[in-house]
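Everything on this sheet refers to the single structure shown next.
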Amino acid sequence: MMSPGTASKQAFTELKIQGPDGKTRPIPLDRPRITIGRASTNELCYPEDAGLSRQHLSIERSGDGWVVTDLGSKNGTFVNGMRLSAPHQLRPEDRVTAGHLVIETADRVPAMDKTVVFIDPAQAPSSASTVISLDGVLAKDKGFEAAAHMRALVRAGRELSENLPLPKLFELILELSIEAVGAARGVLMTLENEELVLRAAKGEGLRMSGAVRDRVLTDRQSWLVRDARLDEALAGRMSIVEQQIRSMIAVPLQTEERVIGLIYLDSPFFVREFTAEDLELLTVMAAIAAVRIERVRLAEVEQAERIMAKDLQQAAEIQRGLLPSEAPKVEGFDIAGFNLPCRTVGGDYYDFIPSADGRIAILVADVAGKGMPAAMLMSNLQARAQVLFEDPTDLASLVVRLNRVLRANCPSNRFITFFVGVLEPATGELTYVNAGHNPPLLVRSDNSIETLPATGLILGILPAAQYEQKTCTLRPGELLVLFSDGVTEASKPTVDEEYGEDRLADAVKAMRGKPSKEIIDAIQAQVFSFLAGYPAADDITLIVAQRTP
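At the far end of the sequence shown sits residue 710, using this note's numbering, and the numbering has no gaps.
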């Protein structure tokens with residue numbers, strides 16, 4: 162690895178970063194320092210990348226070059242396959258990997274010269290040139306109908322280019338269509354989950370032939386009926402006779418990939434008969450309109466996704482504030498905790514709640530499901546637990562109350578596994594209730610392992626569920642490991658094998674005696690190594706409480 166002091170002038174001017182979604186984006190090197198990680202405080206933030214630390218790495222200017230530095234990340238930063246142990250001077254051929262990111266240096270492609278230079282004074286067109294104007298085209302004597310159709314197309318092009326919300330756009334398209342062919346009434350309908358939905362209409366009591374609908378949507382064909390009285394399929398239909406329909410046109414709203422709906426127009430006997438030219442005009446206008454509809458839909462979806470991403474990021478910040486910023490300092494004990502949601506927000510919860518008499522309640526829970534619904538239930542659980550376990554005198558009764566309240570507010574398809582242990586620091590005694598949570602591991606001084614199995618049902622299922630409290634004692638040098646199933650059930654989608662409790666137990670035994678935070682870091686690194694680059698499918702939570710010798 163080259164040291165920062167040996168910087169030399171580099172040719173690259175930007176980074177190419179391939180994200181977890183596989184897409185590559187250019188990042189110009191136009192600032193003195195760029196940090197990358199999951200936290201929103203980074204210049205480049207990737208909150209969904211579970212392999213990144215909150216502050217993972219930095220790339221900063223050094224002389225005429227750039228230096229990449231690992232910021233103490235859990236899973237490391239690699240340059241050309243080698244893990245960074247010191248700052249590294251980037252070279253043009255270097256390839257940096259961190260979490261699910263791949264970072265390469267590149268030259269920025271220079272912008273094209275878009276300057277236009279007028280080299281000759283204005284001159285009259287020569288005889289070899291042809292000059293026309295739009296007004297001239299529209300005014301040219303091509304017959305009344307042809308000129309009207311040309312004007313309709315030009316108007317459609319102009320008006321459909323405006324930025325309109327979808328409801329207004331649907332109304333405009335129908336209005337332009339009716340005026341273009343001189344129809345008396347009509348409808349515009351779109352396909353939503355294989356069902357036709359009315360979006361705009363003019364006229365009342367309109368009835369459309371199922372045969373017309375099917376031909377337009379299935380066969381992607383426009384259909385013109387000049388005179389319904391002469392059409393064998395329609396002449397006898399009472400709906401056609403009663404409405405005095407003479408001509409009708411139906412055209413698909415069709416993009417290159419699919420049909421997204423249709424436009425149907427008709428006219429009674431006393432108005433006019435549609436022509437083949439009307440059909441051609443309306444078919445072209447519908448194709449233009451369909452593209453515009455899809456673009457507006459896409460823009461609205463992208464806007465909604467931007468708003469959702471912003472809301473999720475804010476929700477993640479709020480949720481992080483509900484979890485402990487650091488473990489408490491407890492005399493005679495070394496305690497550490499860790500949480501990593503597999504999405505922006507998660508359903509895992511852990512907490513440390515001190516009581517006035519010096520005891521401390523240690524909690525861990527896992528809400529069924531992921532994402533925002535689980536996060537909302539987690540916040541509900543946190544608010545109630547903070548109040549209930551301030552004075553954990555009768556632990557079993559408190560869990561009974563918690564279950565009853567959660568059952569009343571929990572959807573029927575949601576439940577919560579929950580463990581609470583109240584630690585007496587002076588004696589090392591732990592009183593606990595396990596409501597269907599993964600049994601914590603108690604590692605004894607001889608490296609044997611005991612588990613703290615369930616003492617009652619998971620929360621949120623039966624309102625009258627009862628819970629039993631039990632006790633155990635941590636002697637000096639012994640430790641307790643609490644975890645969510647995101648740890649033990651971590652697996653690669655390509656292999657039917659989980660990380661499992663045996664690997665977790667082996668990792669803890671191998672690290673016994675080390676600081677609790679180091680134990681958590683080692684377990685986390687081992688889990689991500691087991692995942693081999695695949696993202697975690699569930700939230701990961703770990704707590705280690707170790708009684709010091």
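We treat Cβ as the ideally placed atom computed from N, Cα and C, and that holds for glycine.
These numbers were taken from a predicted model, which means no experiment stands behind them.
Measure the alpha-carbon distance for residue i versus residue j and round it to whole angstroms.
{"i": "isoleucine 577", "j": "valine 528", "result": "4 Å"}
{"i": "threonine 632", "j": "valine 228", "result": "54 Å"}
{"i": "leucine 414", "j": "proline 189", "result": "42 Å"}
{"i": "threonine 416", "j": "aspartate 380", "result": "14 Å"}
{"i": "isoleucine 424", "j": "methionine 350", "result": "7 Å"}
{"i": "lysine 177", "j": "glutamate 478", "result": "28 Å"}
{"i": "serine 486", "j": "lysine 678", "result": "14 Å"}
{"i": "proline 617", "j": "arginine 562", "result": "Per the sequence shown, residue 617 should be read as glycine rather than proline. Going from the Cα of glycine 617 to the Cα of arginine 562 covers about 13 Å."}
{"i": "phenylalanine 550", "j": "threonine 634", "result": "20 Å"}
{"i": "glutamine 216", "j": "valine 263", "result": "17 Å"}
{"i": "alanine 313", "j": "tryptophan 384", "result": "20 Å"}
{"i": "isoleucine 339", "j": "glycine 482", "result": "58 Å"}
{"i": "leucine 538", "j": "isoleucine 410", "result": "54 Å"}
{"i": "alanine 345", "j": "leucine 333", "result": "16 Å"}
{"i": "threonine 230", "j": "arginine 360", "result": "56 Å"}
{"i": "glutamate 590", "j": "isoleucine 521", "result": "11 Å"}
{"i": "leucine 335", "j": "glycine 226", "result": "60 Å"}
{"i": "valine 505", "j": "alanine 211", "result": "The question names valine, but residue 505 in the sequence shown is threonine. For threonine 505 and alanine 211, the distance between alpha carbons rounds to 10 Å."}
{"i": "glutamine 284", "j": "valine 315", "result": "Residue placement at glutamine 284 is poorly supported in this model, since its pLDDT is 49, which falls under 50; the coordinates still yield a value, given next. Whole-angstrom Cα-Cα distance: 29 Å."}
{"i": "glutamate 355", "j": "glutamate 461", "result": "21 Å"}
How about residue i: is its Cβ closer than 6 Å to a heavy atom in the ligand GTP?
{"i": "glutamate 662", "result": "Absent from the structure shown: the ligand GTP. Ligands present: none."}
Using the three-state DSSP reduction, which class does residue i fall into: helix, strand or coil?
{"i": "leucine 295", "result": "Its pLDDT being 40, under 50, leucine 295 is placed unreliably in this model, and the value from its coordinates should be taken loosely. It is helical."}
{"i": "glutamate 438", "result": "helix"}
{"i": "histidine 729", "result": "It is not possible to answer for residue 729, since the shown part of the chain is limited to 162 through 710."}
{"i": "alanine 451", "result": "helix"}
{"i": "glutamate 639", "result": "coil"}
{"i": "phenylalanine 579", "result": "strand"}
{"i": "phenylalanine 550", "result": "coil"}
{"i": "glycine 674", "result": "coil"}
{"i": "glutamate 221", "result": "strand"}
{"i": "glycine 183", "result": "coil"}
{"i": "glutamine 687", "result": "helix"}
{"i": "arginine 504", "result": "coil"}
{"i": "alanine 411", "result": "strand"}
{"i": "proline 208", "result": "coil"}
{"i": "proline 328", "result": "helix"}
{"i": "serine 652", "result": "strand"}
{"i": "glycine 226", "result": "strand"}
{"i": "isoleucine 479", "result": "helix"}
{"i": "glutamine 216", "result": "coil"}
Contact defined as beta carbons within less than 8 Å: I believe residue i pairs with residue j. What is the distance between those atoms, to the nearest angstrom?
{"i": "glycine 422", "j": "leucine 352", "result": "5 Å"}
{"i": "valine 348", "j": "alanine 362", "result": "5 Å"}
{"i": "alanine 666", "j": "leucine 602", "result": "6 Å"}
{"i": "tyrosine 207", "j": "arginine 194", "result": "Rounded, the Cβ-Cβ distance is 17 Å, inconsistent with contact."}
{"i": "leucine 643", "j": "phenylalanine 579", "result": "Their Cβ separation, rounded to whole angstroms, is 11 Å, which puts leucine 643 and phenylalanine 579 out of contact at 8 Å."}
{"i": "asparagine 595", "j": "proline 624", "result": "Not confirmed; about 19 Å, so no contact."}
{"i": "arginine 708", "j": "proline 600", "result": "Not quite, the Cβ-Cβ distance comes to about 19 Å (not below 8 Å), so this is no contact."}
{"i": "cysteine 503", "j": "proline 696", "result": "7 Å"}
{"i": "serine 408", "j": "glutamate 434", "result": "5 Å"}
Going by other Cβ atoms of all chains shown within 10 Å of its Cβ, with 16 needed for buried, is residue i buried or exposed?
{"i": "proline 515", "result": "exposed"}
{"i": "arginine 456", "result": "exposed"}
{"i": "serine 201", "result": "exposed"}
{"i": "serine 495", "result": "In the sequence on display, residue 495 carries aspartate and not serine. Flag for aspartate 495 reads buried."}
{"i": "glycine 597", "result": "buried"}
{"i": "methionine 243", "result": "exposed"}
{"i": "serine 219", "result": "buried"}
{"i": "aspartate 663", "result": "exposed"}
{"i": "glycine 233", "result": "exposed"}
{"i": "serine 645", "result": "buried"}
{"i": "glutamate 209", "result": "buried"}
{"i": "arginine 453", "result": "buried"}
{"i": "glycine 260", "result": "buried"}
{"i": "leucine 567", "result": "buried"}
{"i": "leucine 459", "result": "exposed"}
{"i": "leucine 251", "result": "buried"}
{"i": "methionine 273", "result": "With a pLDDT of 48 at methionine 273, under the threshold of 50, the modelled position of that residue is not reliable, and the figure given next carries that caveat. Its Cβ having fewer than 16 others within 10 Å, methionine 273 is exposed."}
{"i": "alanine 727", "result": "Because residue 727 is not part of the residues shown, which for the chain are 162 to 710, the question remains open."}
{"i": "leucine 548", "result": "It should be noted that the sequence gives valine, not leucine, for residue 548. With fewer than 16 other Cβ atoms within 10 Å, it is exposed."}
{"i": "threonine 185", "result": "exposed"}
{"i": "asparagine 574", "result": "exposed"}
{"i": "glutamine 480", "result": "buried"}
Would you call the segment 460–479 and the segment 439–446 touching, i.e. three or more CB-CB distances under 8 Å? No, they do not touch.
Closer than 8 Å is the cut-off here; do at least three beta carbon pairs connect the segment 519–535 with the segment 692–702? Short answer: they touch.
Contact between the segment 547–556 and the segment 487–504 is defined here as three or more beta-carbon pairs at a separation below 8 Å; is this criterion met? Taking a cut-off of 8 Å for Cβ pairs, the segment 547–556 and the segment 487–504 do not touch, as fewer than three such pairs fall below it.
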